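So the structure is just underneath, and the comments pick up after that.
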Amino acid sequence: MEIKPNFSLKKYNTFGIDAKAKEFVAVHSVADLKEVLEENDTKKKFVLGGGSNMLLTQDVDALVVHIDLKGKKVVKEDENFVWVEGQAGENWHEFVLWNIENNFGGLENMSLIPGNVGTTPVQNIGAYGAEIKDTFVSCDAMHIATREMRTFNREECNFGYRESIFKQEVKDQYIITSVVFKLTKKNHKVNISYGDITKELEKNNITEPTIKDVSNAVIAIRQSKLPDPKELGNSGSFFKNPVITKEHFEKIHLQFPEMKYYVVSPTEVKVPAGWLIEQAGFKGMRIGDAGVHKNQALVLVNYGNATGAEIVNLSKEIQKTIFEKYTIAIQAEVNII
Ligand code: EPU
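Residue numbers (my numbering): -18 to 318.
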């Protein structure tokens, strides 16, 4: 394995920020990973997966370890279900498509989410009514300090909305090397409850959708709203949708009756941040090369040469305005480095 000094990370983060790593190494196996961690025990390290959920605001003064483990296979099956293992460096969307081609159901609603298999549990990725936790069985991870492998089952991961143990109790302690999902082989439960999917299927006169149809619908919706990181740097939703108390919501709702919302529990309400940002007038705004996407206000974009700091400044301006207008604090979903 070659350790490269002063390495540009522009191609390794979907925001396309040209920050540099002090040193960079790509690992292709668990054995490689163990060796790199052992040999560089005292160095500061930074783990990089698909680079799809981070914003680099400065050069990374560390050894960047890029997790590039590849492979996907069926590890177990019974009459109805299949247990599929994906290595951490597999591209998520290609992994989803491979499962659909094999007629394994459960991941189709999460088609086209940027990123790699290994980072999906970290923030319990989700879209169109599905989350990774619905099909997740376990993941293997290496403890950075001791290089011991550990398997985390679903309960241990403590999944929540864009949350898991990997962002909380064991943050920065483990590197996920592979993930196992339990998928259906037959009698697939297609989940088309999300309004946009129903509309897209109706448009194509599909009444009994297959998992492939659902995947195609999700791909069409995402392509119409969300920018392709290959064309326009971005990290998907930049902010989380804020969850506020019912009392707080009722007060704001009186003032803004047209506000969109979802009741998530008897005491809590979720408000779509994209709606708040659009209403606050930011949709489509551009300052230099940093901007708010024209079709989905929750997504911040890099038109070419924006720095991480410029994007952070724009995000702070948005947070400040939303707070002043709605008394709602919105938080970044993306990791700001
Ligand atoms: N909305 C607006 N203006 C906008 C964007 C959204 O008014 O510019 C309104 C929409 O009309 C809709 C509501 O906000 O009523 C929700 O919008 P949408 O269905 O597009 O979803 P979202 O809440 O903005 C979340 C996820 C996305 C995921 C979609 C679909 C988060 C932070 N984001 O976005 O995930 O694809 O739902 O399930 O939960 C990601 O995490 O990177 C991501 C793209």
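From the three backbone atoms N, C-alpha and C, an ideal C-beta is built for every residue, glycine too.
Nothing here was measured: the structure is a model prediction, and the numbers come from that model.
Pro247 and Asn72 have their C-alpha atoms spaced approximately 38 Å apart. DSSP places Tyr307 in the uninterrupted alpha helix (DSSP H) bounded by 289 to 307.
Annotation: Lys193 to Met91 spans about 12 Å, alpha carbon to alpha carbon.
Here Val11 has Thr158 as same chain residues with Cβ atoms under 6 Å from its own Cβ, once five neighbours each way along the sequence are excluded. For the options Lys227, Ile303, Lys297, Asp177, the alpha carbon positioned closest to that of Ile258 is the one of Ile303.
Your pair Leu18 and Arg128 checks out as a contact, with CB atoms roughly 6 Å apart and the cut at 8 Å.
Rounded to whole angstroms, Glu239 and Val252 show a C-alpha spacing of 12 Å. Distances from the CA of Phe117 to each of Asn139, Gly99, Val161, Ala278 were compared; the closest alpha carbon is that of Val161. In this structure, Glu249 keeps its C-beta atom at 8 Å or more from the C-beta atom of Lys221.
Ile173 has its alpha-carbon roughly 30 Å from the corresponding atom of Lys148. Looking at the DSSP output, Thr165 shares a beta bridge with Phe62, Gly86.
Annotation: Leu213 is outside any beta strand (DSSP E) and is labelled neither H nor E by DSSP. C-alpha of Pro208 to C-alpha of Asn21: approximately 38 Å in a straight line.
Under the DSSP assignment, Val245 falls in the beta strand (DSSP E) whose first and last residues are 243 to 246. Where Asn197 is concerned, the enclosing alpha helix (DSSP H) starts and stops at 192 to 206. DSSP, read as helix, strand or coil, puts Gln68 in strand.
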